[in-house]
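There are 2 protein chains.
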Amino acid sequence: MKQDFTPIECCDQVEIHEPLLKIVSDQLPPEDELYDLAELFKIFGDSTRIRILFVLFEAEVCVCDLASALNMTQSAISHQLRILKQSQLVKARREGKQVFYSLADDHVRTIISQGLEHVEE
Amino acid sequence: MKQDFTPIECCDQVEIHEPLLKIVSDQLPPEDELYDLAELFKIFGDSTRIRILFVLFEAEVCVCDLASALNMTQSAISHQLRILKQSQLVKARREGKQVFYSLADDHVRTIISQGLEHVEE
DNA sequence: TGAACATATGAACGATTGTTCATATGATGG
DNA sequence: CCATCATATGAACAATCGTTCATATGTTCA
Numbered sequence: 002m003k004q005d006f007t008p009i010e011c012c013d014q015v016e017i018h019e020p021l022l023k024i025v026s027d028q029l030p031p032e033d034e035l036y037d038l039a040e041l042f043k044i045f046g047d048s049t050r051i052r053i054l055f056v057l058f059e060a061e062v063c064v065c066d067l068a069s070a071l072n073m074t075q076s077a078i079s080h081q082l083r084i085l086k087q088s089q090l091v092k093a094r095r096e097g098k099q100v101f102y103s104l105a106d107d108h109v110r111t112i113i114s115q116g117l118e119h120v121e122e
Numbered sequence: 002m003k004q005d006f007t008p009i010e011c012c013d014q015v016e017i018h019e020p021l022l023k024i025v026s027d028q029l030p031p032e033d034e035l036y037d038l039a040e041l042f043k044i045f046g047d048s049t050r051i052r053i054l055f056v057l058f059e060a061e062v063c064v065c066d067l068a069s070a071l072n073m074t075q076s077a078i079s080h081q082l083r084i085l086k087q088s089q090l091v092k093a094r095r096e097g098k099q100v101f102y103s104l105a106d107d108h109v110r111t112i113i114s115q116g117l118e119h120v121e122e
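Those sequence lines, one after another, are chains L and D.
Counting in our numbering, the first sequence tops out at residue 122, every number present.
Counting in our numbering, the second sequence tops out at residue 122, every number present.
The following block contains the structure:
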């Protein structure tokens with residue numbers, strides 16, 4: 002998005018180009034919403050985080066169990082949990098020394114299962 | 002995913018840990034499916050590609066019009082279209098000098114609108 | 001209070017990503 | 001065939017990302 006906006010006709014086809022620009026400006030969600038949307042999908046775009054979410058589909062789990070279940074270091078899991086929490090996909094509850102994580106809401110399930118459908122074709 | 006798997010009890014809580022490992026191995030999709038899933042979401046995790054898809058929600062559009070509508074260089078758009086096409090999210094149709102792109106199927110719409118719902122809260 | 005355990009976090013590193021620039025490929029019309 | 005337009009692509013670069021390592025914070029129990 003470096004280039005300045007210039008309403009130049011493209012492809013020498015003024016009659017296609019003009020209504021297109023109108024459609025785009027009418028239908029495109031605002032810039033910050035598009036950014037947030039991309040940001041959300043970016044979270045799902047890592048298989049460690051996906052695996053964490055799949056475990057949380059089944060149960061509320063502490064960091065240490067997540068690490069051992071997914072066979073990764075506590076640190077790596079903790080870093081990823083922070084990202085998931087910041088994006089409101091996951092919530093944390095402390096119980097003594099341990100912190101238990103669970104899904105923040107059910108959108109996550111829906112989004113991921115839609116993705117799975119596409120992948121499984 | 003560097004660490005070797007060792008079935009060590011975690012958090013000194015054998016009674017929690019054991020069934021968890023079972024759940025994980027029973028419910029977790031196979032490794033390659035999780036990878037594909039993450040790979041799919043990675044595609045949506047860029048606002049340029051999201052914007053391209055939003056335009057394609059409305060119409061079949063040639064590269065050059067996409068570039069001017071989204072105010073980006075033809076090269077940048079073309080690179081991104083290649084990624085979208087490789088992931089089967091978009092298909093291409095040549096008509097003379099121009100190449101028109103459109104959505105490959107309707108999963109894309111569903112996935113993105115699910116994402117939007119989450120973001121708009 | 002101090003040792004032991006669970007979790008969080010900052011810095012550093014290699015790996016991946018998106019854009020730009022230059023150029024190649026492909027199609028059309030003269 | 002050649003010039004021109006539309007698109008594709010490879011190399012290069014800065015920016016971002018995920019993991020590791022070392023260490024800090026927070027909690028429990030003796």
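Every residue gets a Cβ at the ideal spot worked out from N, C-alpha and C, and that includes glycine.
Item: In chain order, what residues of the same chain lie with their CB nearer than 8 angstroms to the CB of L:G116, ignoring the 5 residues before and after it?; Value: F45
Item: Taking 9 angstroms as the CB-CB limit, is D:V43 close to chain L?; Value: It is Lys, not Val, that sits at residue 43 of chain D in the sequence shown. It does; some Cβ of chain L falls within 9 angstroms.
Item: Starting from D:F101, find everything on chain L with Cβ-Cβ shorter than 8 angstroms and list it in chain order.; Value: Simply none; closest approach about 10 angstroms.
Item: Could you round the C-beta distance between D:I90 and D:V109 to whole angstroms and report it? I think they count as a contact, below 8 angstroms.; Value: The displayed chain sequence assigns Leu, not Ile, to residue 90 of chain D. With a Cβ gap of about 5 angstroms, D:L90 and D:V109 count as contacting.
Item: What residue does the alpha helix (DSSP H) around D:A68 start on, and which one ends it?; Value: V64 to L71
Item: Verify the CB distance criterion: does L:R95 have a CB-CB separation below 9 angstroms to chain D?; Value: no
Item: Quick one: grab the DSSP three-state call for D:S103.; Value: strand
Item: Taking one C-beta from the stretch 58–65 of chain D and one from the stretch 89–108 of chain D each time, how about it: are there three or more such pairs within less than 8 angstroms?; Value: yes
Item: Where do the ends of the beta strand (DSSP E) carrying D:E96 lie?; Value: V91 to E96
Item: Does any CB atom of chain L fall closer than 9 angstroms to the CB of D:Q115?; Value: yes
Item: Considering just the uninterrupted stretch of the alpha helix (DSSP H) at L:A77, what are its terminal residues?; Value: Q75 to Q87
Item: If contacts are defined as beta-carbon pairs under 8 angstroms, then D:D66 and L:A39 qualify, I think. What distance do you get, rounded to the angstrom?; Value: Not confirmed; about 22 angstroms, so no contact.
Item: Taking the alpha helix (DSSP H) that L:A39 falls in, what are its first and last residues?; Value: E32 to F45
Item: Give the secondary structure of L:L22 by DSSP, where H, G and I count as helix, E and B as strand, and everything else as coil.; Value: helix
Item: Spell out whether any CB of chain L is found under 9 angstroms from the CB atom of D:V120.; Value: yes
Item: Exposed or buried, what is D:H80 when buried is set at 16 or more other beta-carbons lying within 10 Å of its beta-carbon?; Value: exposed
Item: Measuring only the C-alpha atoms, how far is D:I78 from L:F55?; Value: 34 angstroms
Item: Pick helix, strand or coil for D:E59, following the three-state DSSP scheme.; Value: helix
Item: Using a Cβ-Cβ distance under 9 angstroms, would L:S79 count as near chain D?; Value: no
Item: Kindly indicate if chain D contains any beta-carbon less than 9 angstroms away from that of L:R83.; Value: no
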